[in-house]
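Down below is the structure, laid out as structure tokens.
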Amino acid sequence: MAMSDALGREHSPCTGAPRIVSLVPSLTELVCDLDLAGQLVGRTGFCVHPKEALRSVSKVGGTKDVKLDVLRQLAPTHVIADIDENRREVVEEIMEFVPNVIVVHPRTVDDNRGLYVLLGHVFRREHVAAQLAAAFAAARAELDTLAHSLPREAVLYPIWREPWMTVRRDTYIAAMLAAAGWDSLPVEAASRYPGFDWNAPWLADVQRVLLPSEPYAFTERDAVEVGELVRVPVTRIDGEMVSWYGSRAIAGLRYLAELRRQLA
73 MAMSDALGRE
83 HSPCTGAPRI
93 VSLVPSLTEL
103 VCDLDLAGQL
113 VGRTGFCVHP
123 KEALRSVSKV
133 GGTKDVKLDV
143 LRQLAPTHVI
153 ADIDENRREV
163 VEEIMEFVPN
173 VIVVHPRTVD
183 DNRGLYVLLG
193 HVFRREHVAA
203 QLAAAFAAAR
213 AELDTLAHSL
223 PREAVLYPIW
233 REPWMTVRRD
243 TYIAAMLAAA
253 GWDSLPVEAA
263 SRYPGFDWNA
273 PWLADVQRVL
283 LPSEPYAFTE
293 RDAVEVGELV
303 RVPVTRIDGE
313 MVSWYGSRAI
323 AGLRYLAELR
333 RQLA
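To convert, take the position in the sequence shown, counting from 1, and add 72; that gives this note's numbering.
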């Protein structure tokens, strides 16, 4: 039986030992958590977790600038990519010489379930995938219960400065925040990761600013500056816990539950 990825391409269970290259940090972590570290032959320089398991895994450049010559030499049977993280033209070129290119695009919290199932199916790790799904369901239920017991808050979640950028509500980050009872602003925007300036009228509705550690590494100095601009509480948070899908989502849901309790 075959299963479809985000592009509608069908993928059957692998035959023989796969040679996997992951082009996304969170997917690399998921591959390892599916007990596939021994089949991982390539990763990007941004794929840093789990550290020990990746020490001897070859790097193939970055998420946006994949070194195709290095990738070819690794002779992967499977490459895992993401619509947001990797350039379309690069992924299409990889499809010309790699037999199986799995493209994902999680945009909701519950998309993690499908991600576990898809990769568990392709790499014959259904049992481990089921264990991850069970842990995810428990963490999701805990956060749901907590979020429903607290008033919702409108938040600003910057992801960059110079220029200042944030997230639209149809992004995975916004979905994770919403699961915790935090509704990201603006409500509507032209792009999924819109720029903004501090004179925008909708900023008057912001009740809290969450400054993540990535992709831009906001500092305490940034937090003080932002607090002076909006006059609402500013909290620095672990960006990996909000933006990394896959197995990290389980820890992310637990992290958000604890953070929400602390800030209530």
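Don't be surprised by glycine CBs; every beta carbon is placed ideally from N, CA and C.
Proximity to residue i [Cα-Cα], best of the options
i	options	result
residue 271	120, 302, 254, 230	302
residue 118	187, 133, 127, 111	133
residue 223	196, 235, 194, 255	255
residue 295	247, 145, 305	305
residue 172	150, 206, 182, 275	150
residue 110	128, 120, 98	128
residue 336	98, 167, 218	218
residue 251	73, 276, 328	328
residue 225	216, 277, 202	277
residue 107	235, 81, 198	198
Supposed close pair residue i, residue j - CB separation, criterion 8 Å
i	j	result
residue 227	residue 279	7 Å
residue 321	residue 184	5 Å
residue 116	residue 135	5 Å
residue 237	residue 266	7 Å
residue 337	residue 154	This structure gives no information on residue 337, because the portion of the chain shown stretches from 73 to 336.
Cβ-Cβ distance between residue i and residue j below 9 Å
i	j	result
residue 293	residue 263	no
residue 96	residue 170	no
residue 90	residue 104	no
residue 180	residue 229	no
residue 204	residue 192	yes
residue 143	residue 212	no
C-alpha distance - residue i paired with residue j, whole-angstrom precision
i	j	result
residue 131	residue 165	18 Å
residue 147	residue 268	43 Å
residue 316	residue 160	20 Å
residue 319	residue 102	5 Å
residue 124	residue 100	13 Å
residue 163	residue 78	13 Å
residue 32	residue 258	In this structure the chain extends from 73 to 336, so residue 32 is not present and cannot be described.
residue 83	residue 152	12 Å
residue 188	residue 307	31 Å
residue 194	residue 75	8 Å
residue 261	residue 242	10 Å
residue 299	residue 232	16 Å
residue 331	residue 168	45 Å
For residue i: DSSP bridge partner residues
i	result
residue 267	237
residue 133	138
residue 255	226
residue 151	93, 173
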